[in-house]
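Worksheet for the structure shown next.
There are 2 protein chains.
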Amino acid sequence: MAAKRSGARGKRSERISESLQPTQEPRSEPPLSLERIVATAVELLDAQGVDGLTMRRLAERLGSSPMSLYWHVDNKEEVFDLALDSVLEYPGPPQIAESRDWRGAVVHMLEDWRASMLRHPWSASLLPRRALGPNILSRLELLSKTLSKAGVADADLNVAIWSLWNYVMGATITRGSVDLSDDDRVAAQQRLTRLSERYPTIERSRLLLDNDWDGTFRKGLDFLLDGLARDNEHSSIPGR
Amino acid sequence: MAAKRSGARGKRSERISESLQPTQEPRSEPPLSLERIVATAVELLDAQGVDGLTMRRLAERLGSSPMSLYWHVDNKEEVFDLALDSVLEYPGPPQIAESRDWRGAVVHMLEDWRASMLRHPWSASLLPRRALGPNILSRLELLSKTLSKAGVADADLNVAIWSLWNYVMGATITRGSVDLSDDDRVAAQQRLTRLSERYPTIERSRLLLDNDWDGTFRKGLDFLLDGLARDNEHSSIPGR
DNA sequence: ACCTGAACACCGTTCAAGT
DNA sequence: ACCTGAACACCGTTCAAGT
Chain U
2 MAAKRSGARG KRSERISESL QPTQEPRSEP PLSLERIVAT AVELLDAQGV DGLTMRRLAE
62 RLGSSPMSLY WHVDNKEEVF DLALDSVLEY PGPPQIAESR DWRGAVVHML EDWRASMLRH
122 PWSASLLPRR ALGPNILSRL ELLSKTLSKA GVADADLNVA IWSLWNYVMG ATITRGSVDL
182 SDDDRVAAQQ RLTRLSERYP TIERSRLLLD NDWDGTFRKG LDFLLDGLAR DNEHSSIPGR
Chain D
2 MAAKRSGARG KRSERISESL QPTQEPRSEP PLSLERIVAT AVELLDAQGV DGLTMRRLAE
62 RLGSSPMSLY WHVDNKEEVF DLALDSVLEY PGPPQIAESR DWRGAVVHML EDWRASMLRH
122 PWSASLLPRR ALGPNILSRL ELLSKTLSKA GVADADLNVA IWSLWNYVMG ATITRGSVDL
182 SDDDRVAAQQ RLTRLSERYP TIERSRLLLD NDWDGTFRKG LDFLLDGLAR DNEHSSIPGR
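These protein sequence lines are chains U and D, in that order. The numbering of the first sequence is the working numbering, which starts it at 2 and goes up by one. The numbering of the second sequence is the working numbering, which starts it at 2 and goes up by one.
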């Protein structure tokens, strides 16, 4: 159902030779399949971004006619859905150690979540518009289970899950939209400096230049988990 | 620079009469201007969503040729940028009471932020791909100033701001993507129930049916603020 | 200074047809 | 069961031209 990670293999050099001799090498492509379509869509998205994914370009990359895709897939929307979910496959659920360190486990899960999306920057901008696929649901399930075992009361569970989810999504999306190239960022900060009467505080704190995203993510997550843990102490089983 | 809130006025009936007598009533349109373009773009986005905004349709609504727009605007991207920022205008900065209740002030700002975006659902899905406009920067500035006055040390300021921003963005975007129509949500939960061996925990907590988004947003925000306040107690001035 | 029509190089998708 | 080409109704944007 979900595409495996075959997408990354030798993309760079392939693209060069492609652009030099555009429509050559029919090299007996393997037959079309949903897996190949999704994997190639991810490749294309990685290379060209959201606007770069075109049914026609996708077909070309697959060595088939654009119309062939429509036998395997209802429409372009479905390609987006499948590509997004395929990128969010989670390798880790049936872990060995049911470590009693729930907080460490949660942090690990969420950092992996974020890392998966950052590996494919288009995924963050796509997610707001797409449905929740099976891999996303699996991650939510695992997160739920971990929190539940940690003693979070059922009544608080959904709030906890959505809070963490919101934070991860927001952090990932923000990084994609704020983390411009170095040049852009410097230009943005300079523009801010020019307008420093209007934005004195964020100019002074160099908000747009602060690019320790990983550290910031981790610290903010700790704040949130502090709040969660504290609430948990008050209202239910105090630990294990 | 930013469009005022003229967008909402009588849109519904306007659309009906439009679709009945498509290309009539030249009614001496006012001349094109950036303001009118942006306001009409917001109208169109509200009515038809992100994919509904087309340079050609926008021009039609404005009673002009598609090409006229390009005198006022570089390209479609710029229309998106301007429409997004115009929707995030913040009315409240020079408040009367410099209330010493920093936490209440922060909550109010963030709830308004979220509400502004929810009023225009396309804004959440647009933001990940767009630059930060002046109105967004104003909101960040005000948030910074409030936290700074509340005693957050300069070194912690950026982490605090990004944490809150991330949370608001994530919550807003999530609501847009998860909060389907009632029918869809029930269908999703049923699908989950059918697969309850695979997702037992989130099926049991009815994660996808829990639609008290406002309450959940507020509670999660409180967790985050608890964490921030606690950290603040430890590291710097303890209050005021 | 402001607006326009014709034209170009693209899109997603339907349909009727091929094997 | 799987794939295809021609065609339709759109796109954003360039360009040369109008007032």
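Heads up, the beta-carbon is just placed ideally off N, CA and C, and yes, glycines get one too. Given the structure is predicted, the values throughout are model-derived calculations rather than measurements.
| Query | Result |
| --- | --- |
| Whether Leu-242 of chain D touches Val-107 of chain D by CB criterion (9 Å) | Since the first residue of chain D shown is 2 and the last is 241, residue 242 of chain D is not available in this structure. |
| Residue environment, Arg-206 of chain U, which counts as buried when at least 16 other CB atoms sit within 10 Å | According to the sequence shown, residue 206 of chain U is Ser rather than Arg. Buried. |
| Listed by chain order, chain D residues near Ser-124 of chain U by CB distance under 7 Å | Those within 7 Å of Ser-124 of chain U in chain D number zero; the least Cβ separation is about 10 Å. |
| Closer than 9 Å to chain D by CB, Met-170 of chain U | yes |
| Exposed unless 16 or more other CB atoms sit within 10 angstroms - verdict on Asp-163 of chain U | The sequence given here places Trp at residue 163 of chain U; Asp does not occur at that position. Burial call: buried. |
| Inter-residue Cα distance where the pair is Leu-133 of chain D and Glu-234 of chain U | 39 Å |
| Below-9 Å beta-carbon distance, Ala-132 of chain D vs any chain U residue | yes |
| Rounded separation between Pro-31 of chain U and Thr-175 of chain D - CA only | 38 Å |
| Contact residues within the region 66 to 87 of chain U, judged by C-beta distance below 9 Å to chain D | none |
| Any C-beta of chain D under 9 Å from that of Lys-12 of chain U | In this predicted model, Lys-12 of chain U has a pLDDT of only 28, less than 50, meaning its place in the structure is not dependable; the value taken from the coordinates is given anyway. Judged by the 9 Å Cβ criterion, Lys-12 of chain U is not in contact with chain D. |
| is_contact[Ala-4 of chain D, chain U] using C-beta, thresh 9 Å | Annotation note: pLDDT 32 at Ala-4 of chain D (below 50); position unreliable, coordinate value reported separately. Not one chain U Cβ lies under 9 Å of Ala-4 of chain D. |
| Partner residues on chain U for Leu-158 of chain D, Cβ-Cβ distance less than 7 Å | Ser-206 |
| Between the CA atoms of Pro-135 of chain U and Asp-86 of chain U - distance to the nearest angstrom | 7 Å |
| Three-way DSSP call (helix, strand, coil) for Ala-132 of chain D in this model | coil |
| Beta-carbon gap between Phe-218 of chain D and Leu-229 of chain U smaller than 9 Å | no |
| Contact set for Leu-128 of chain U: own chain, Cβ-Cβ below 6 Å, skip 5 residues either direction | none |
| Under 9 Å by beta carbon: chain D residues contacting Asp-113 of chain U | In chain order: nothing, as chain D lies at least about 17 Å away. |
| For Arg-192 of chain D, three-class secondary structure by DSSP | helix |
| Exposed unless 16 or more other CB atoms sit within 10 angstroms - verdict on Val-80 of chain D | buried |
| Among D:Arg-37, D:Thr-173, D:Val-88 and D:Gly-177, nearest to Ser-139 of chain D - alpha-carbon criterion | D:Val-88 |
| For Trp-166 of chain U and Ser-117 of chain D, the rounded distance between their alpha carbons | 21 Å |
| 9 Å Cβ cutoff, Leu-35 of chain D in contact with chain U | no |
| Min CB distance Pro-201 of chain U to chain D below 9 Å | yes |
| Contact belief for Leu-63 of chain U with Leu-33 of chain U at Cβ below 8 Å, rounded distance in angstroms | 6 Å |
| Reduced DSSP category for Arg-101 of chain D - H, G, I as helix; E, B as strand; rest coil | coil |
| Environment of Thr-24 of chain U [buried if 16+ CB atoms lie within 10 Å] | Here the model assigns Thr-24 of chain U a pLDDT of 37, short of 50, so the residue's position is not dependable and the matter cannot be decided. |
| Gln-190 of chain D to Arg-131 of chain U span [Cα, whole Å] | 16 Å |
| CA-to-CA distance, Asp-227 of chain U to Asp-227 of chain D, given in whole angstroms | 8 Å |
| Leu-70 of chain D versus D:Arg-115, D:Val-43 and D:Met-56, residue with shortest Cα-Cα distance | D:Met-56 |
| Neighbourhood of Ala-172 of chain U by C-beta, 6 Å cutoff - its chain only, sequence neighbours within 5 removed | Phe-218 |
| DSSP three-state assignment for Val-74 of chain U, whether helix, strand or coil | coil |
| C-beta contact flag for Arg-68 of chain U and Met-170 of chain D at 9 Å | In the sequence as displayed, the identity of residue 68 of chain U is Met instead of Arg. Contact: no. |
| Where Tyr-168 of chain U sits in the DSSP three-state scheme | helix |
| Contact with chain U by Thr-55 of chain D, beta-carbon distance below 9 Å | no |
| Cβ shell of Ala-125 of chain U (< 6 Å), same chain only, five flanking positions each side left out | Met-118, Thr-173, Ile-174 and Gly-177 |
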